[in-house]
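Taking it in order: structure first as structure tokens, then the write-up.
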Amino acid sequence: MADHDDHAHSHLGDMDVRVRALETLLTHKGYIDPAALDAIIETYETRIGPHNGAAVVARAWTDPDFHQWLIADATAAIASMGFGGRQGEHMVAVENTPLVHNMVVCTLCSCYPWPILGLPPVWYKSAPYRAKVVRDPRGVLRDFGVELPPDTSVRVWDSTAEVRYVVLPMRPSGTDGLDEPALAALVTRDAMVGTGLALAPVPGSAPA
Amino acid sequence: MNGVHDMGGLHCFGPVRPEPDEPLFHAPWEKRALALTLAMGATGQWNIDLSRAVREALPPAVYLGSSYYEIWVLALEMLLLERGLITQGERDSGLCMSTGKTLPHILHADAVAATLARGSPTERPATAPARFCQGDRVIARNLHPPGHTRLPRYVRGHPGRVLRVHGAHLFADAHAQRQQPPFDTTAHWLYTVVFDAQDLWGPDADPTVQVSVEAWEPYLEAAPA
Chain G
911 MADHDDHAHS
921 HLGDMDVRVR
931 ALETLLTHKG
941 YIDPAALDAI
951 IETYETRIGP
961 HNGAAVVARA
971 WTDPDFHQWL
981 IADATAAIAS
991 MGFGGRQGEH
1001 MVAVENTPLV
1011 HNMVVCTLCS
1021 CYPWPILGLP
1031 PVWYKSAPYR
1041 AKVVRDPRGV
1051 LRDFGVELPP
1061 DTSVRVWDST
1071 AEVRYVVLPM
1081 RPSGTDGLDE
1091 PALAALVTRD
1101 AMVGTGLALA
1111 PVPGSAPA
Chain V
2 MNGVHDMGGL
12 HCFGPVRPEP
22 DEPLFHAPWE
32 KRALALTLAM
42 GATGQWNIDL
52 SRAVREALPP
62 AVYLGSSYYE
72 IWVLALEMLL
82 LERGLITQGE
92 RDSGLCMSTG
102 KTLPHILHAD
112 AVAATLARGS
122 PTERPATAPA
132 RFCQGDRVIA
142 RNLHPPGHTR
152 LPRYVRGHPG
162 RVLRVHGAHL
172 FADAHAQRQQ
182 PPFDTTAHWL
192 YTVVFDAQDL
202 WGPDADPTVQ
212 VSVEAWEPYL
222 EAAPA
């Protein structure tokens, strides 16, 4: 797919003009409320994003009951933290261990667990990722600078229906004394898609 | 449909290039495109499977040459045109030339939070017992329907194993058949089916890799004993 830097003047014409005209037209038709559009954008710019997923992971790392619930019924466990709905109606959490590393993709479009990760990044929706990760997941990990031990097996989850996956990454070593907010800061979006690992703590950040 | 959207396993797209510190949107119009798509989706004049079907039916060169939000805008215009909600002249000029149709649902700002929080769950009561259970050996059927389907080409004809039974869910292929509401809400049992990479990609594939898809029951047959 095209790089993002030519979006404004693509082969489709000026996208800014095109979308603005469409919004004006649909408003005049009475099909949309522009204030609702503002509310949708504000939701995904401020309230729904990977910080939600990071909070879920941090709780799973610190609360064994929640961890068990998340693996058994991710939709309910995640809903208990106030996250759910559109593009996360049916959630499954898959756990990384020293023996298995999980990665999530939608080869057919761009399915992604919006309530806990927000809107997907461009690379997740791109042809290179969708084409390669089901055939050469270790190669994709190398594209992200991640090298797994050769004896760690790789599980790729292709989201072909309305089930949405989130990866529960391994808790980094040296984090025993950290509380949930400090742990959540180590949980990146990529770690929850499986193209990355949770960050190592900054030395000295854990209480003695 | 055997389209270019069905990308699993294709070569020659090059490496994945994550963008450091990627912004949520790359241009202001992308925000409006996202919100327009969601707001019009909430009118109920189509469903998510019909949206996907229209995106997949874009000419292959257009699909591959467009960003994801460009694809969304093109598909949204197509959905509006197909249903007579706008005319070609209105799309080209941006001018409103006729009164809009009366739609039963309009998404207003005060309903956005509840609408997003509700989403569109696809699980439905099952009308028949599940044919397969966890651990069953199955084969993804060799199907090539011309319409919308969610069975990727790269698993068709290959043996796998049922990992999880998800209940009965709206069957995407049927849900995308009827252009206008009421849509076909046939539900079928949905399974996670896992495949060994060597069954999908041959003996040279990484033996430590497995790939799963979600497959509705009509996509599967029992593997020979």
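Protein chains in written order, with our numbering: chain G, 911 to 1118; chain V, 2 to 226.
No residue lacks a Cβ here, since even glycine has one placed at the ideal position from N, Cα and C.
Check your understanding: Interface residues of chain V around Leu-1029/G at Cβ under 9 Å?
Key -> In the first sequence, the residue the question calls residue 1029/G occupies position 119. Near Leu-1029/G (Cβ distances below 9 Å), the residues of chain V are Leu-25, Phe-26, Leu-35.
Review point. Do Ala-36/V and Leu-947/G have their C-beta atoms within less than 8 Å of each other?
Key: For the purposes of this step, residue 36/V is identified with residue 35 of the second sequence, where counting begins at 1. For the purposes of this step, residue 947/G is identified with residue 37 of the first sequence, where counting begins at 1. For Ala-36/V and Leu-947/G, yes; Cβs fall inside 8 Å.
Exercise for review: Can you give me, in chain order, the residues of the region 118-131 of chain V that have a beta carbon less than 7 Å from any beta carbon in chain G?
Suggested key: Residues are counted here when their Cβ sits less than 7 Å from a Cβ of chain G; for the region 118-131 of chain V these are Ala-118, Arg-119, Gly-120, Ser-121, Pro-122, Thr-123, Glu-124, given in chain order.
Review point. Cβ of Asp-7/V less than 8 Å from any chain G Cβ?
Key: On the second sequence, residue 7/V is found 6 positions in, with the first residue counted as 1. The Cβ of Asp-7/V sits closer than 8 Å to at least one Cβ of chain G.
Check your understanding: Hey, would you say Leu-1018/G sits closer than 8 Å to Pro-153/V, going by beta carbons?
Key -> Along the first sequence, one-based indexing puts residue 1018/G at 108. Along the second sequence, one-based indexing puts residue 153/V at 152. Going by beta carbons, Leu-1018/G and Pro-153/V fall inside the 8 Å limit.
Exercise for review: Report yes if the CB atom of Gly-959/G is closer than 8 Å to the CB atom of Ala-118/V, and no otherwise.
Suggested key: Translated into the one-based positions of the first sequence, residue 959/G becomes position 49. Translated into the one-based positions of the second sequence, residue 118/V becomes position 117. One thing to note: Gly-959/G has its Cβ no nearer than 8 Å to the Cβ of Ala-118/V.
Check your understanding: Distance, Cα to Cα, Glu-1090/G vs Pro-1008/G?
Key -> Here residue 1090/G is taken as the residue at index 180 of the first sequence, counted from 1. Here residue 1008/G is taken as the residue at index 98 of the first sequence, counted from 1. Rounded to the nearest angstrom, the two C-alpha atoms are 23 Å apart.
Check your understanding: What is the rounded straight-line gap between the Cα of His-6/V and the Cα of Tyr-64/V?
Key -> Locating residue 6/V in the second sequence gives position 5, counting from the first residue. Locating residue 64/V in the second sequence gives position 63, counting from the first residue. Their backbone Cα atoms lie some 8 Å apart in a straight line.
Review point. Do the region 1044-1053 of chain G and the region 921-940 of chain G meet, that is, are 3 or more Cβ pairs less than 8 Å apart?
Key: Touching, no, given that fewer than three Cβ pairs across the two stretches are closer than 8 Å.
Check your understanding: Using a C-beta to C-beta distance shorter than 8 Å, which residues of chain V count as neighbours of Ser-1063/G?
Key -> Reading the first sequence from its first residue, position 153 is the one you call residue 1063/G. Contact note: Ser-1063/G reaches chain V through Thr-209, Val-210, Gln-211, using a C-beta cutoff of 8 Å and chain order.
**Study point:** 9 Å Cβ cut-off: residues of chain G touching Pro-153/V
**Key:** The residue you call residue 153/V lines up with position 152 of the second sequence. For the C-beta of Pro-153/V, the chain G residues within less than 9 Å are, from N- to C-terminus, Thr-1017, Leu-1018, Val-1044, Asp-1068, Thr-1070.
Exercise for review: Compare the C-beta of Ala-949/G against all C-beta atoms of chain V and say whether one is closer than 8 Å.
Suggested key: The count along the first sequence starts at 1 and reaches residue 949/G at position 39. Residue-level contact by beta carbon holds for Ala-949/G and chain V, with a gap shorter than 8 Å.
Exercise for review: Put Val-967/G into one of helix, strand or coil per three-state DSSP.
Suggested key: Within the first sequence, the letter at position 57 stands for residue 967/G. Reduced to three states, the DSSP call for Val-967/G is helix.
Exercise for review: Please compile the residues from chain G whose C-beta is within a distance smaller than 9 Å of the C-beta of Thr-44/V.
Suggested key: Locating residue 44/V in the second sequence gives position 43, where the first residue counts as 1. From the beta-carbon of Thr-44/V, the residues of chain G found nearer than 9 Å are Tyr-941, Ile-942.
Review point. Which residue comes first and which comes last in the beta strand (DSSP E) that contains Phe-196/V?
Key: Indexing the second sequence from 1 puts residue 196/V at position 195. First-last of the beta strand (DSSP E) with Phe-196/V: 188-197.
Check your understanding: Can you tell me where the beta strand (DSSP E) with Leu-1088/G in it begins and where it stops?
Key -> Translated into positions along the first sequence, residue 1088/G becomes position 178. First-last for Leu-1088/G: undefined, no H or E at that position.
Review point. Under a CB-based cut-off of 8 Å, is Met-925/G close to chain V?
Key: Here residue 925/G corresponds to residue number 15 of the first sequence, with the count starting at 1. By this cut-off, Met-925/G is an interface position.
**Study point:** Which residues DSSP lists as bridging Trp-30/V, in chain order
**Key:** Reading the second sequence from its first residue, position 29 is the one you call residue 30/V. Residue pairing for Trp-30/V: DSSP places it in no beta bridge.
Practice item. For Arg-18/V, count neighbouring C-beta atoms within 10 Å of its own C-beta (all shown protein chains included) and say buried if the count is 16 or more, exposed if not. Key: Counted from its first residue, the second sequence places residue 18/V at position 17. Arg-18/V should be labelled exposed.
Practice item. Establish whether the CB of His-914/G and some CB of chain V are separated by less than 8 Å. Key: Numbered from its first residue, the first sequence carries residue 914/G at position 4. Residue confidence for His-914/G is low, a pLDDT of 47 falling below 50, so the modelled location carries little weight; the figure read from the coordinates is stated next. So, interface residue.
Review point. Would you report the Cα separation of Val-1073/G and Leu-96/V, rounded to the nearest angstrom?
Key: Here residue 1073/G refers to the residue found at position 163 of the first sequence. Here residue 96/V refers to the residue found at position 95 of the second sequence. Roughly 40 Å separates the two Cα atoms.
Review point. My guess is that Asp-174/V and Pro-147/V are in contact by the Cβ rule of under 8 Å, so how many angstroms apart are they, rounded?
Key: For the purposes of this step, residue 174/V is taken as the residue at position 173 of the second sequence. For the purposes of this step, residue 147/V is taken as the residue at position 146 of the second sequence. Wrong, their Cβ atoms sit about 11 Å apart, outside the cutoff.
**Study point:** Spatially closest choice to Arg-84/V from Pro-204/V, Ala-224/V, Arg-179/V, by CA coordinates
**Key:** Within the second sequence, the letter at position 83 stands for residue 84/V. When only C-alpha atoms are compared, the closest one is Arg-179/V.
Review point. Taking Cβ-Cβ distances shorter than 7 Å, what residues in chain G pair up with Gly-10/V?
Key: Looking up residue 10/V in the second sequence gives position 9. Taking the beta carbon of Gly-10/V as reference, the chain G residues within 7 Å of it are Ala-1041, Val-1044, Arg-1045, listed in sequence order.
Practice item. Under the assumption that Thr-937/G contacts Pro-944/G (Cβ atoms under 8 Å), give the Cβ distance between them as a whole number of angstroms. Key: Numbered from its first residue, the first sequence carries residue 937/G at position 27. Numbered from its first residue, the first sequence carries residue 944/G at position 34. The C-beta distance from Thr-937/G to Pro-944/G rounds to 6 Å, short enough to fall under 8 Å.
**Study point:** Within-8 Å CB hit, Met-2/V to chain G
**Key:** Indexing the second sequence from 1 puts residue 2/V at position 1. False, the Cβ-Cβ gap to chain G never drops below 8 Å.
Check your understanding: How about Ile-140/V: is its C-beta nearer than 8 Å to some C-beta of chain G?
Key -> Within the second sequence, numbered from 1, the residue matching residue 140/V stands at position 139. Judged by the 8 Å Cβ criterion, Ile-140/V is not in contact with chain G.
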